[in-house]
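>
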Amino acid sequence: MAEPQFTAKGVRIERWPRSLTRAGEVRIEDGRLSLLTSYGREIDSAPVTSVRAGRPWFAKPDETVATVNGTRYRLTMDGPARGPKDRTSGPGGFLDALKRATKDR
252 MAEPQFTAKG VRIERWPRSL TRAGEVRIED GRLSLLTSYG REIDSAPVTS
302 VRAGRPWFAK PDETVATVNG TRYRLTMDGP ARGPKDRTSG PGGFLDALKR
352 ATKDR
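If you're matching positions, the sequence shown starts at 252 in this note's numbering and goes up one per residue.
1. Does the distance from the C-beta atom of A348 to that of I294 stay below 7 Å?
2. Measuring straight from C-alpha to C-alpha, what distance separates R323 and R356?
3. My output table needs one value for A352: the three-state DSSP class, helix, strand or coil.
4. Relative to the C-alpha of K350, which residue among G282, G321, N320 and T327 is closest?
5. Mind checking whether P358 and V316 have CB atoms under 7 Å apart?
6. So V262 is in the beta strand (DSSP E); what residue range does that whole segment cover?
7. Nearest to G343 by CA position, among E314, E276, T288 and K354, is which residue?
8. Rounded to whole angstroms, what is the Cα-Cα separation between P268 and T327?
9. So if DSSP puts P298 in a beta bridge, which residue, or which two residues, is it bridged to?
10. Apart from the five residues on each side of it in sequence, which residues of its chain come closer than 6 Å, Cβ to Cβ, to A259?
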């Protein structure tokens with residue numbers, strides 16, 4: 252199995268208006284985006300080419316919105332650990348990794 256292109260743990264995953272998990276995992280691996288619960292159970296997954304993600308103007312700095320299989324999820328991740336310019340973790344890292352994975356396909 253290949254190394255994941257992006258992994259974020261401790262992610263709050265919400266499907267409006269309800270929280271699905273407060274310590275979930277977002278993973279991009281082998282051209283698929285997977286949203287997992289804290290126990291590792293899959294909430295939803297889809298090929299990266301069919302996932303839409305972005306940061307709406309009203310979102311907090313640690314939030315992003317992803318549409319997976321037609322369902323909108325709000326993903327709240329910890330911000331970058333090394334300061335605001337670091338985009339390797341948090342929502343910026345997620346969006347960059349999704350863009351790279353889509354470009355590779």
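Every residue, glycine too, gets a C-beta built ideally from N, C-alpha and C.
Considering the structure as presented:
1. Working through the sequence shown from its first residue, we reach residue 348 at position 97. Working through the sequence shown from its first residue, we reach residue 294 at position 43. The answer is no: Cβ separation not under 7 Å.
2. For the purposes of this step, residue 323 is taken as residue 72 along the sequence shown, with counting starting at 1. For the purposes of this step, residue 356 is taken as residue 105 along the sequence shown, with counting starting at 1. About 23 Å.
3. Taking the sequence shown and counting its residues from 1, one reaches residue 352 at position 101. Looking at A352 - three-state DSSP - the assignment turns out to be helix.
4. Here the question's residue 350 lines up with position 99 in the sequence shown. Measuring from the Cα of K350, the nearest candidate turns out to be G282.
5. Since the displayed the chain opens at 252 and closes at 356, residue 358 lies outside it and no answer follows.
6. In the sequence shown, counting from the first residue as 1, residue 262 sits at position 11. Element bounds for V262: F257 to R266.
7. Reading the sequence shown from its first residue, position 92 is the one you call residue 343. Measuring from the Cα of G343, the nearest candidate turns out to be E314.
8. As a first step, residue 268 is located in the sequence shown; it is residue number 17 there, counting from the start. As a first step, residue 327 is located in the sequence shown; it is residue number 76 there, counting from the start. Rounded to the nearest angstrom, the gap between the Cα atoms of P268 and T327 is 14 Å.
9. Locating residue 298 in the sequence shown gives position 47, where the first residue counts as 1. Beta-bridge pairing by DSSP links P298 to R283.
10. Position 8 of the sequence shown, counted from the first residue, corresponds to residue 259. V277 and M328.
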